[in-house]
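**Student:** Numbering (UniProt numbering), first residue to last: 1 to 283. All C-beta atoms, glycine included, are put in the ideal place defined by N, C-alpha and C.
1) Just checking my contact of residue 79 with residue 57 at CB under 8 Å: how many whole Å lie between their CB atoms?
2) Report back the beta-carbon spacing between residue 42 and residue 126 to the nearest angstrom; my notes put them in contact at under 8 Å.
3) Buried or exposed, going by whether 16 or more other CB atoms sit within 10 Å of the CB of residue 181?
4) Report the partner residues of residue 117 according to the DSSP bridge assignment.
5) Okay, do the stretch 217-237 and the stretch 100-110 touch, 3+ Cβ pairs below 8 Å being the bar?
6) Quick one: give me the first and last residue of the alpha helix (DSSP H) that residue 31 is part of.
7) For residue 37 and residue 16, I'd like the C-alpha separation in whole angstroms.
8) In the DSSP output, what is residue 167 paired with across the bridge?
9) For residue 262, count the other beta carbons within 10 Å of its own beta carbon; 16 or more makes it buried, fewer makes it exposed. Which is it?
10) Is there contact here, the stretch 60-76 with the stretch 123-140, by at least three beta-carbon pairs under 8 Å?
11) Quick check: residue 22 and residue 161, are their CB atoms within less than 7 Å of each other?
12) To which residues of the same chain is residue 144 closer than 8 Å at the C-beta, ignoring the five residues directly before and after it?
13) What span of residues does the alpha helix (DSSP H) with residue 133 cover, start to end?
This is how it looks when you write it as structure tokens:
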């Protein structure tokens with residue numbers, strides 16, 4: 001794995017590049033992006049060693065794809081067309097069904113590993129890259145049995161060297177579960193931000209009165225629409241299902257408020273406090 005090519009060098013790609021380079025100083029990190037300004041920034045930040053184009057990946061030992069999921073679906077077959085027979089391609093997309101489907105019959109399907117490292121921040125672009133972003137984070141791998149065993153081993157070496165925990169899941173289960181624990185939280189954050197902006201017309205009031213609770217809840221509303229719109233589109237059915245359940249819970253809460261049933265509200269919140277035990281870790 002001497003020549004590593006990153007297609008997309010933002011938060012996820014850039015953070016992976018930083019950590020892989022730190023673990024393996026002798027590798028050469030190549031960056032590919034549709035914007036030359038992105039590559040220039042990545043060079044200045046030391047995230048990549050060289051700029052490259054898609055045609056160059058014939059020389060790749062490893063290709064990591066971390067671009068919006070709609071772009072991944074369009075580009076992934078062409079990437080597999082160009083790589084050598086021994087190269088490994090890993091994607092980092094937040095949806096998996098459409099990505100796995102588009103290459104299911106590709107002659108080099110064995111060279112592809114579908115992955116989703118569940119890590120990130122609300123920031124984007126090369127400057128958002130963080131060392132150690134993946135330490136202790138879960139990496140979901142889908143359809144591992146369709147990847148050549150030797151390439152699986154190489155991928156797992158990289159993931160484990162970065163401190164990731166591995167879980168295996170089929171693409172359908174991944175997309176259903178991730179709609180609840182990731183996609184819904186982003187929608188909630190965006191809509192909370194929208195509600196406050198629409199109703200609190202004075203931006204100074206928002207700035208002065210917003211406490212840490214509001215700031216932490218609305219943090220994800222700063223995320224990139226270019227990245228998240230394709231995610232919602234690809235996972236539309238699961239996202240709608242989660243929204244229906246979320247809206248039902250909000251409506252139920254509102255009805256309890258109307259009835260002045262604050263004992264029930266207390267009990268609902270008390271029961272939901274269990275989420276802190278879950279997030280503190282499961283052995």
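**Tutor:** This is what the structure gives:
1) Yes, residue 79 and residue 57 are in contact; Cβ-Cβ is about 7 Å, under 8 Å.
2) 4 Å
3) Looking at its Cβ environment, which holds fewer than 16 other Cβ atoms inside 10 Å, residue 181 is exposed.
4) Answer by DSSP bridge pairing, in chain order: 139.
5) no
6) Looking at the DSSP string, residue 31 is not in any alpha helix (DSSP H); the run it does join, the beta strand (DSSP E), is 28-32.
7) 20 Å
8) 140
9) exposed
10) no
11) Going by C-beta atoms, residue 22 is not nearer than 7 Å to residue 161.
12) So the list reads 113, 152 and 168, once near-sequence residues are dropped.
13) That residue, residue 133, is in no alpha helix (DSSP H); it is neither H nor E in DSSP.
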